[in-house]
Amino acid sequence: MNIHEYQAKEIFRRHGIPVPPGEVATTPEDAERIARSFGTTVVVKAQVHAGGRGKAGGVKLAKTPADAKAVASQILGMQIKGLTVQRVLVTPAADIATEAYAGIIVDRASKRAVFMVSPAGGIDIEEVAAKTPEKILRLPVDPRYGLLGFEALRMGFFLYPDVKQARAAAKILQQLYAAFTASGASLAEINPLVTTPAGEVLALDAKMVIDDNELDRRPELAALRDDSAEAPSEVAARKANLTFIKLDGNVGCVVNGAGLAMATMDLVKYYGGEPANFLDIGGSSNPEKVVNALRIITADPNVKAILFNIFGGITRTDDVANGIVTATRSNPLTVPIVIRLTGTNEEIAVKILQEHGFSAMTDMDEAVQRAVALATGGKAA
Amino acid sequence: MSIFIDQSTKLIVQGITGRDGSFHTKQMIEYGTCVVAGVTPGKGGQTFEGTVPIFNTVADAVAATGANTSVIYVPPPFAADAIMEAAAAGVSLIVCITEGVPVLDMTRVYPYVQENGARLIGPNCPGLISPGKSKVGIIPGRICTPGPVGLVSRSGTLTYEVVYHLTRAGMGQTTCVGIGGDPINGTNFIDCLAAFERDPDTKVIAMIGEIGGTDEQNAAQFVKEHMTKPVVGFIAGQTAPPGRRMGHAGAIISGSTGTAAEKIQAFKEAGMAVAQRPVDFVSLVRERL
Numbered sequence: 245m246n247i248h249e250y251q252a253k254e255i256f257r258r259h260g261i262p263v264p265p266g267e268v269a270t271t272p273e274d275a276e277r278i279a280r281s282f283g284t285t286v287v288v289k290a291q292v293h294a295g296g297r298g299k300a301g302g303v304k305l306a307k308t309p310a311d312a313k314a315v316a317s318q319i320l321g322m323q324i325k326g327l328t329v330q331r332v333l334v335t336p337a338a339d340i341a342t343e344a345y346a347g348i349i350v351d352r353a354s355k356r357a358v359f360m361v362s363p364a365g366g367i368d369i370e371e372v373a374a375k376t377p378e379k380i381l382r383l384p385v386d387p388r389y390g391l392l393g394f395e396a397l398r399m400g401f402f403l404y405p406d407v408k409q410a411r412a413a414a415k416i417l418q419q420l421y422a423a424f425t426a427s428g429a430s431l432a433e434i435n436p437l438v439t440t441p442a443g444e445v446l447a448l449d450a451k452m453v454i455d456d457n458e459l460d461r462r463p464e465l466a467a468l469r470d471d472s473a474e475a476p477s478e479v480a481a482r483k484a485n486l487t488f489i490k491l492d493g494n495v496g497c498v499v500n501g502a503g504l505a506m507a508t509m510d511l512v513k514y515y516g517g518e519p520a521n522f523l524d525i526g527g528s529s530n531p532e533k534v535v536n537a538l539r540i541i542t543a544d545p546n547v548k549a550i551l552f553n554i555f556g557g558i559t560r561t562d563d564v565a566n567g568i569v570t571a572t573r574s575n576p577l578t579v580p581i582v583i584r585l586t587g588t589n590e591e592i593a594v595k596i597l598q599e600h601g602f603s604a605m606t607d608m609d610e611a612v613q614r615a616v617a618l619a620t621g622g623k624a625a
Numbered sequence: 053m054s055i056f057i058d059q060s061t062k063l064i065v066q067g068i069t070g071r072d073g074s075f076h077t078k079q080m081i082e083y084g085t086c087v088v089a090g091v092t093p094g095k096g097g098q099t100f101e102g103t104v105p106i107f108n109t110v111a112d113a114v115a116a117t118g119a120n121t122s123v124i125y126v127p128p129p130f131a132a133d134a135i136m137e138a139a140a141a142g143v144s145l146i147v148c149i150t151e152g153v154p155v156l157d158m159t160r161v162y163p164y165v166q167e168n169g170a171r172l173i174g175p176n177c178p179g180l181i182s183p184g185k186s187k188v189g190i191i192p193g194r195i196c197t198p199g200p201v202g203l204v205s206r207s208g209t210l211t212y213e214v215v216y217h218l219t220r221a222g223m224g225q226t227t228c229v230g231i232g233g234d235p236i237n238g239t240n241f242i243d244c245l246a247a248f249e250r251d252p253d254t255k256v257i258a259m260i261g262e263i264g265g266t267d268e269q270n271a272a273q274f275v276k277e278h279m280t281k282p283v284v285g286f287i288a289g290q291t292a293p294p295g296r297r298m299g300h301a302g303a304i305i306s307g308s309t310g311t312a313a314e315k316i317q318a319f320k321e322a323g324m325a326v327a328q329r330p331v332d333f334v335s336l337v338r339e340r341l
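As structure tokens, then:
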């Protein structure tokens, strides 16, 4: 789960990381009031779950409260990578001497949390890694001991030759590690970590991604979720316990299992079609899930054909068949549907479907070809 | 022969009285798996279905039954502790079916399991089956049949799809292993490939990968350098958009790494045959038997 910069900064603050003050505004008037209260030049920053906010014009300086109002009215409502900006963070502008990068992620290869720090901050760290890898120090953390003092200081000296600043950075890295583990994060990033002309070290930006698997045991973090920052169809799917990702094609896919769902999308493409979505109804049987899945898929006007691909292991195919019957009874379909079922209780499922005027297929390739033909307006294969 | 499990597997079920645990325990017993004990704290002294003794702790279960393998069906917040409990009790093979284990938990679990000399399969996996011998997990037994193909996969239902095609075409399996879809798991492709290479009955290996991470690329390197047996590969997620988690926690393209194209390229460079569709395994495996 992504959280906003202002939310991540609040977590950082609680762990003692020096972060400039700031307040969130949802209207230009709010922004003006907040700017006035700071009484200095401010930065107005779009709060959206997208990188490259600055390049997109979502981060702007405002010298006066009136400027802040004008700038906020430009940024609020603007689209950044398809997301509408609903909030801005108003924060006093800092004098910057240097910009560095500090981040921590869970690294698959070493199976540990790994720090990455670089004196080349303020820009995309992947770019630094690709072009000048020598400017990045990577440090895997042993989870049994946490980040040790000398390790933090080593990274501090990698960033700053000055011992006072190195020590300040080391302290921030310790606090960042604490914030990361206490929040069940999979990523925590300060970009840029700046020094001021007075020599202070400050976290000017904050980014955190929380591991979705942690949210059940951390309700205070789950409450930070901003539904308005996501596609409505994906929010509806999450509330129905479905994994759904909207794509640009016209074959709506309903599949059980993530791997089979991906393979089904790939096969749609292989046979000349384009998948409209990724949708995994999961492993357990539940007709209600099928009803919700169909509701979400049929809400997409691009969908020209619906493809069910169910391999029944734990999932009982008769439950899926019942779900299809129930869903289409209350909301008759306006696009053709192709159903492929095989596995647990397949005979019962086929009978249920046939009784209600549906035909069922057992072969994945044939079903996909047929759905593609229907979606592209050609005759059924 | 087979890898990891066979007739000598003596299994403990952690979470045997839960909904999933009890359902799949019945299925495993029906398949012929030697289930010697269950563990549910507070239910020690009872029996499951009148036949399998239940213990409060894994240590008690191991001491009483000499079990060597454990399968875990406990809910995600308790799964990490359950894995470490099994490792501490001296269980040598631990299979964690649970989906949704926090990844920071796994950063602590992995070294703990290693230090105790155990092998972990999963989490977030369907487990494994050596057809005709033993099944640990949730892979449907009736789609499998004994034979010469070793299969290893990051997926569940996609594995069933491929096994189903192979079985229908008359090509049985030594062992099918689902290593799971999480970013940090206990057993990777290379571990399974090495075990299949050593197993005299395995003649061809089917390997089903997906987007995210570099496990498949490392496996391709291993195939090139260490495998004498042919390996047929497949990658799911060619149409997956970057930056989105495709159901499995580990199935995500980060920046430009972990794409299907890069993995397929690695397979080709290692001299592996690449299945474009799941059904292509049938002809590609048959040609290599």
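Protein sequence lines, in the order shown, are assigned to chains Z and L. Just so you know, we're using our numbering here: the first sequence kicks off at 245 and counts up by one. Just so you know, we're using our numbering here: the second sequence kicks off at 53 and counts up by one. Where a beta carbon is used, it is the ideal one built from N, C-alpha and C, also for glycine.
S207 of chain L touches chain Z at which residues, Cβ-Cβ below 9 Å? Translated into positions along the second sequence, residue 207 of chain L becomes position 155. Near S207 of chain L (Cβ distances below 9 Å), the residues of chain Z are G501, A502, G503, L504, M506 and A507.
Looking at C-alpha atoms only, which residue of L:P294, L:T309, L:Q290 and L:Q317 is the closest neighbour of A505 of chain Z? Walking along the first sequence from the start, residue 505 of chain Z turns up at place 261. Minimum Cα-Cα distance from A505 of chain Z among the listed residues L:P294, L:T309, L:Q290 and L:Q317 corresponds to L:Q290.
Does the beta carbon of A303 of chain L come closer than 8 Å to any beta carbon on chain A? Protein chains in the displayed structure are Z and L, and chain A is not among them.
Give me the DSSP bridge partner(s) of E82 of chain L. As a first step, residue 82 of chain L is located in the second sequence; it is residue number 30 there, counting from the start. Beta-bridge pairing links E82 of chain L to no other residue.
Counting along the chain, where does the beta strand (DSSP E) carrying D201 of chain Z start and finish? Outside the shown range of chain Z, which is 245 to 625, sits residue 201 of chain Z, and nothing can be said about it.
At the level of alpha carbons, what is the spacing between T226 of chain L and P519 of chain Z? On the second sequence, residue 226 of chain L is found 174 positions in, with the first residue counted as 1. On the first sequence, residue 519 of chain Z is found 275 positions in, with the first residue counted as 1. Cα-Cα distance, rounded: 35 Å.
Rounded to whole angstroms, what's the CA-CA distance from A475 of chain Z to A119 of chain L? Just pull it up for me. Locating residue 475 of chain Z in the first sequence gives position 231, counting from the first residue. Locating residue 119 of chain L in the second sequence gives position 67, counting from the first residue. Roughly 49 Å between the two C-alpha positions.
The region 248-268 of chain L: which residues have C-beta closer than 9 Å to a C-beta of chain Z, in chain order? If the cut-off is 9 Å between Cβ atoms, the region 248-268 of chain L has I260, E262, I263, G264, G265, T266 and D267 near chain Z.
Closest to T254 of chain L by CA distance: which of L:G193, L:G208, L:N240 and L:V337 is it? Along the second sequence, one-based indexing puts residue 254 of chain L at 202. T254 of chain L has its Cα closest to that of L:V337, out of L:G193, L:G208, L:N240 and L:V337.
For the candidate residues L:Q269, L:I257, L:Q66 and L:G224, whose alpha-carbon lies nearest to that of V283 of chain L? One-based indexing of the second sequence puts residue 283 of chain L at position 231. Ranking the options by Cα distance to V283 of chain L, first place goes to L:I257.
Find the nearest neighbour of S281 of chain Z within the set Z:V385, Z:K595, Z:I247 and Z:V334, judged by alpha-carbon distance. Numbered from 1 along the first sequence, position 37 holds the residue referred to as residue 281 of chain Z. Answer by Cα proximity: Z:V334.
Less than 8 Å between the CB atoms is what I'm expecting for L551 of chain Z and N521 of chain Z, so what's the real figure, rounded? By one-based count along the first sequence, residue 551 of chain Z stands at place 307. By one-based count along the first sequence, residue 521 of chain Z stands at place 277. The Cβ separation is near 10 Å, so there is no contact.
C-beta neighbour in chain Z for R296 of chain L, strict 8 Å: For this step, residue 296 of chain L is matched to residue 244 along the second sequence. Proximity of R296 of chain L to chain Z, defined by a Cβ-Cβ separation below 8 Å, is satisfied.
Would you mind stating whether N553 of chain Z and R584 of chain Z have Cβ atoms separated by less than 8 Å? Indexing the first sequence from 1 puts residue 553 of chain Z at position 309. Indexing the first sequence from 1 puts residue 584 of chain Z at position 340. Here N553 of chain Z is near R584 of chain Z, since their CB atoms are less than 8 Å apart.
Cutoff 7 Å; reference G557 of chain Z; Cβ partners in own chain excluding five residues on either side: On the first sequence, position 313 is the one that residue 557 of chain Z refers to. Answer for G557 of chain Z: G587 and T588, listed in chain order.
Those residues which DSSP pairs with G232 of chain L across a bridge: Counting from one through the second sequence, the residue named residue 232 of chain L turns up at place 180. G232 of chain L is not bridged to any residue.
Alpha carbon to alpha carbon, what distance is there between E262 of chain L and E339 of chain L? One-based indexing of the second sequence puts residue 339 of chain L at position 287. One-based indexing of the second sequence puts residue 262 of chain L at position 210. Whole-angstrom Cα-Cα distance: 24 Å.
Could you tell me which uninterrupted alpha helix (DSSP H) segments, each at least 4 residues in length, are contained entirely in the region 389-447 of chain Z, listed from first to last along the chain? Runs found: 393-403 and 407-426.
Tell whether a beta-carbon distance below 8 Å holds between A423 of chain Z and A432 of chain Z. Taking the first residue of the first sequence as position 1, residue 423 of chain Z is located at position 179. Taking the first residue of the first sequence as position 1, residue 432 of chain Z is located at position 188. If you check the CB distance, A423 of chain Z and A432 of chain Z come in under 8 Å.
Whose C-beta lies closer than 6 Å to the C-beta of V331 of chain L among residues of the same chain, with five residues either side of it excluded? Here residue 331 of chain L refers to the residue found at position 279 when the second sequence is read from its first residue. Hits under 6 Å: H217.
When DSSP builds the beta bridges, which residues end up paired with Q323 of chain Z? By one-based count along the first sequence, residue 323 of chain Z stands at place 79. Q323 of chain Z pairs with Z:T328.
Roughly how many angstroms separate the alpha carbons of A131 of chain L and D563 of chain Z, rounded to a whole number? Here residue 131 of chain L is taken as the residue at index 79 of the second sequence, counted from 1. Here residue 563 of chain Z is taken as the residue at index 319 of the first sequence, counted from 1. C-alpha separation (whole angstroms): 29 Å.
Considering only the beta carbon of each residue, do L403 of chain Z and P262 of chain Z sit closer than 8 Å? The sequence position of residue 403 of chain Z within the first sequence is 159, counting from 1. The sequence position of residue 262 of chain Z within the first sequence is 18, counting from 1. No, Cβ-Cβ distance for L403 of chain Z and P262 of chain Z is not below 8 Å.
Do we get a CB-CB distance below 8 Å when we pair K623 of chain Z with the residues of chain L? By 1-based counting over the first sequence, the position of residue 623 of chain Z is 379. Because K623 of chain Z carries a pLDDT of 45, less than 50, the predicted location of this residue cannot be relied on, and the following value inherits that uncertainty. For K623 of chain Z, the closest Cβ of chain L is not nearer than 8 Å.
Please go through the same chain and pick out, in chain order, the residues whose beta-carbon is closer than 7 Å to the beta-carbon of M452 of chain Z, but skip the five residues on each side of it. If you number the first sequence from 1, residue 452 of chain Z lands on position 208. Same-chain partners within the cutoff: I247, A252, I255, S427, A429, L431 and A432.
Looking at S54 of chain L and D251 of chain L, is the spacing between their C-beta atoms short of 8 Å? By one-based count along the second sequence, residue 251 of chain L stands at place 199. By one-based count along the second sequence, residue 54 of chain L stands at place 2. Remark: C-beta atoms of D251 of chain L and S54 of chain L approach each other more closely than 8 Å.
Which ranges would you report for the beta strand (DSSP E) in the region 560-595 of chain Z if only whole runs of at least 3 residues count? Every unbroken stretch of the beta strand (DSSP E) spanning 3 or more residues and falling wholly within the region 560-595 of chain Z is given here in chain order: 581-587.
Could you tell me whether the region 189-203 of chain L touches the region 600-618 of chain Z, where touching means 3 or more Cβ pairs closer than 8 Å? Verdict: no, contact absent.
Chain Z partners of Y162 of chain L, CB-CB under 8 Å? The residue labelled residue 162 of chain L in the question sits at position 110 within the second sequence. Per Cβ cutoff of 8 Å: K355.
Do you know offhand how far Y250 of chain Z's Cα is from E267 of chain Z's? Here residue 250 of chain Z refers to the residue found at position 6 when the first sequence is read from its first residue. Here residue 267 of chain Z refers to the residue found at position 23 when the first sequence is read from its first residue. Y250 of chain Z and E267 of chain Z: Cα-Cα distance of roughly 8 Å.
Length of the line joining the Cα atoms of L63 of chain L and A115 of chain L: Taking the second sequence and counting its residues from 1, one reaches residue 63 of chain L at position 11. Taking the second sequence and counting its residues from 1, one reaches residue 115 of chain L at position 63. Here the C-alpha atom of L63 of chain L lies approximately 13 Å from the C-alpha atom of A115 of chain L.
Measure the Cβ-Cβ separation of I124 of chain L and R206 of chain L and say whether it is below 8 Å. In the second sequence, the residue the question calls residue 124 of chain L occupies position 72. In the second sequence, the residue the question calls residue 206 of chain L occupies position 154. Taking 8 Å as the Cβ cut-off, I124 of chain L and R206 of chain L do not qualify as a contacting pair.
Cβ of C497 of chain Z less than 8 Å from any chain L Cβ? The count along the first sequence starts at 1 and reaches residue 497 of chain Z at position 253. Not flagged as an interface residue toward chain L: C497 of chain Z, since no C-beta distance is shorter than 8 Å.
Please report the straight-line C-alpha distance between N435 of chain Z and A619 of chain Z, rounded to a whole angstrom. Start at 1 with the first residue of the first sequence, and residue 435 of chain Z comes out as number 191. Start at 1 with the first residue of the first sequence, and residue 619 of chain Z comes out as number 375. Distance from the CA of N435 of chain Z to the CA of A619 of chain Z, rounded to the nearest whole angstrom, comes to 45 Å.
Beta-carbon contacts of A396 of chain Z that lie in its chain and below 7 Å, excluding the five residues immediately before and after: Position 152 of the first sequence, counted from the start, is the residue given in the question as residue 396 of chain Z. Only residues of its own chain outside the window of five on either side were considered, and among them A414, L417 and Q418 have a CB closer than 7 Å to the CB of A396 of chain Z, listed in chain order.
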